[in-house]
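Note that our numbering gives residue 1042 to position 223 of the sequence shown, counting from 1, and the numbers run on in steps of one. Every residue, glycine too, gets a C-beta built ideally from N, C-alpha and C. A quick write-up on the structure given underneath.
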Amino acid sequence: MATAVISTIVVFTAIGLAIVNSPGWPAVREAFLNGEVFRASFPDIARAFKLNVKIFLVAEAVILVFALGVAMLRSLPGPVFFPIRAIAIIYTDVFRGLPTILVITMLALGVPALQLTGVPVSAVFWATVGLILVYSAYVAEVYRAGIESVHPSQEAAARSLGLSRWQTLRYVIVPQAVRRVIPPLLNDFIGLQKDTALVAFAGPVEVLRQAGIDEAANFNFTPYVCTAVLFLALTIPMTRATDWLIERDRRKRAASGVG
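What follows is the structure in structure tokens.
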């Protein structure tokens, strides 16, 4: 432990000295680490960050349910359900292959332009829909991996007790699958939280756009550093929680002798 602490201090001290002694450090410090600009920008940026958090919470709740439905549809057996499986496969392939920023921009700017009666015109709404569509495709594959990791004997035992296919999924397979994929799900949601910044390209004043407004007003990049601090304050605890869950799952598997 002492060796690790000392080596860490030495490495970070060396990196810090190399940065602060570089020829361009004074200009970089003034442009990115201006304390006065940071204090002046923080309140507005923090208020704008609330929109990112709201988008994240709404999208996460919908993704958890919608992606599970897609994964279950893709797991349906037999030729009768082939069209449903094909639709689920096409959906996951298309939205995993499209850049998130492209989906958000096309939906947030394109759908309101259609002027359809009864269809929301809010850019925030459609940007959130874009995030949901893209991340649901990824999360559906995580769920599917969890479903396929459940041993076939579990399904056979449930069916022998008289449970239908849907009852077997609901009460036997899905609960086991969800427990197994919680760590990768959290990793996806860390990415989702960061990608809420892409909503800025659709027009709403969220944290990234507010940082851009403050940067243009002050001719200084410190507001972007302020934005980075807010994202780190939210994502680092989620990352540590994910690491803790992965380690706990590893210990459980080692204790039970499961490879």
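Asked, Found
"Taking the continuous alpha helix (DSSP H) assigned at residue 840, which residues delimit it?", "First-last for residue 840: undefined, no H or E at that position."
"Which residues in the same chain as residue 825 place their Cβ atom closer than 7 angstroms to its Cβ, once the five residues preceding and following it in sequence are excluded?", "none"
"With DSSP run on the structure shown, which of helix, strand or coil describes residue 1038?", "coil"
"Does the count of Cβ pairs from the region 961-973 and the region 1024-1032 closer than 8 angstroms reach three?", "no"
"Going by DSSP, what residue range makes up the alpha helix (DSSP H) through residue 858?", "854-893"
"Using a threshold of 7 angstroms, is the CB atom of residue 984 nearer than that to any non-hydrogen atom of the ligand GDP?", "In the structure on display, the ligand GDP does not appear, and there are no ligands present to speak of."
"How long is the line joining the alpha carbons of residue 909 and residue 898, rounded to whole angstroms?", "17 angstroms"
"Where in the region 985-1051 do unbroken runs of the alpha helix (DSSP H), each at least 4 residues long, occur, reported from the N-terminal end onward?", "993-999, 1001-1014 and 1026-1037"
"State the Cα-Cα distance for the pair residue 1079 and residue 1016, rounded to the nearest angstrom.", "One cannot answer for residue 1079 here, as it falls past the ends of the chain, which runs 820 to 1078."
"Where does residue 896 sit, in a helix, a strand or coil, going by DSSP?", "coil"
"Take residue 873 as the anchor and find which of 1005, 1069 and 950 has the nearest alpha-carbon.", "950"
"Given a cut-off of 8 angstroms on the beta-carbon distance, is the pair residue 946 and residue 1018 in contact?", "yes"
"Could you pull out every residue in the same chain whose Cβ sits closer than 7 angstroms to the Cβ of residue 1074, ignoring the five residues on either side in sequence?", "none"
"Is it the case that the Cβ atoms of residue 882 and residue 941 are separated by a distance below 8 angstroms?", "no"
"If you drop the 5 nearest sequence neighbours on each side, which residues of the same chain put their C-beta closer than 6 angstroms to that of residue 914?", "952, 953 and 956"
"Taking DSSP as the reference, what is the three-state secondary structure of residue 941?", "coil"
"If you draw a straight line from the alpha carbon of residue 920 to that of residue 1021, how long is it in whole angstroms?", "9 angstroms"
"Which word fits residue 923, buried or exposed, when buried means at least 16 other C-beta atoms lie within 10 angstroms of its C-beta?", "buried"
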